[in-house]
Amino acid sequence: MMLAVVLVTIVGPAAAKVYSQCQLATLLRNNGITSNINDWVCLIISESSGNTTAKGGPNSNGSYDYGLFQVNSRYWCGTSGPGGDCNVACSKLLDENVADDIACAKKIYARHGFSAWYGWKNKCKNPPAVTPC
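For this note's numbering, add 33 to where a residue sits in the sequence shown, where the first one is 1.
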């Protein structure tokens, strides 16, 4: 038992992956997002700074926001296992496997467009072009 505690302390939580704009553009394209790349990259940078382990909150309603897209726990993901409209555990949105993050973001976008994200509304209505990679 003590060894496990020591190992967790030494190793710590999984390291964050922080994506550059070019890496994000490639990641999005590889996961089926081929249009509005500038908007998507700006959204991710404004919401999480490209950090896969970003967690925001608590919000005024007690919810939290998770991962690259800052997916909200009140509506989209479950805090104690798969749940929300994306049927995903919020904790799964904090790892380096971003396929589930992107799938959930696509669902949010299909329902609400980019205006679902305050970061996009506040900073990305006329997003800068992603530098050629």
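Just so it is clear, CB atoms sit at the ideal spot from N, CA and C, and this is done for glycine as well.
Beta-carbon gap between L167 and S81 smaller than 8 Å: Since the first and last residues shown for the chain are 34 and 166, residue 167 lies out of range.
Rounded Cβ spacing between R107 and S124 (contact assumed at less than 8 Å): In the sequence shown, the residue the question calls residue 107 occupies position 74. In the sequence shown, the residue the question calls residue 124 occupies position 91. Not really, about 16 Å apart at Cβ, beyond 8 Å.
Inter-stretch contact at 8 Å, needing at least 3 Cβ pairs: the stretch 109 to 120 / the stretch 81 to 92: no
Beta-carbon proximity check, N64 vs V163, cutoff 8 Å: To locate residue 64, count along the sequence shown from 1; it is residue 31. To locate residue 163, count along the sequence shown from 1; it is residue 130. In this structure, V163 does not lie closer than 8 Å to N64 by Cβ.
Endpoints, the alpha helix (DSSP H) within which Y52 is located: Counted from its first residue, the sequence shown places residue 52 at position 19. No alpha helix (DSSP H) contains Y52, which DSSP labels as neither H nor E.
Test item: CB-CB of I141 and W109 under 8 Å: Here residue 141 refers to the residue found at position 108 when the sequence shown is read from its first residue. Here residue 109 refers to the residue found at position 76 when the sequence shown is read from its first residue. Yes, the pair counts as a contact, with Cβ atoms nearer than the cut-off.
C-beta contact flag for W182 and L57 at 8 Å: No information on residue 182 is available, as it lies outside the stretch 34 to 166 that the chain covers here.
Helix, strand or coil at G152 [DSSP, three-state]: Residue 152 sits at position 119 when you count from the first residue of the sequence shown. G152: helix per DSSP, three-state reduction.
Heavy atom of the ligand ADP within 7 Å of T85 beta-carbon: Looking for the ligand ADP in the displayed structure turns up nothing, as the structure carries no ligands at all.
P165, buried or exposed, once every other Cβ within 10 Å from all chains shown has been counted against 16: Position 132 of the sequence shown, counted from the start, is the residue given in the question as residue 165. Looking at its Cβ environment, which holds fewer than 16 other Cβ atoms inside 10 Å, P165 is exposed.
Contacts around Q54, its chain only, beta-carbon distance under 6 Å, and the 5 residues preceding and following it disregarded: As a working note, residue 54 is residue 21 in the sequence shown. Taken in chain order, the residues that qualify are V74 and V163.
Residues sharing a beta bridge with N92, DSSP: For the purposes of this step, residue 92 is taken as the residue at position 59 of the sequence shown. In DSSP, N92 forms no bridge with anything.
Sequence-distant residues of the same chain with beta carbon closer than 8 Å to Q103, five excluded per side: Numbered from 1 along the sequence shown, position 70 holds the residue referred to as residue 103. Contacts found: E80, S81, A87, G89, W150 and G152.
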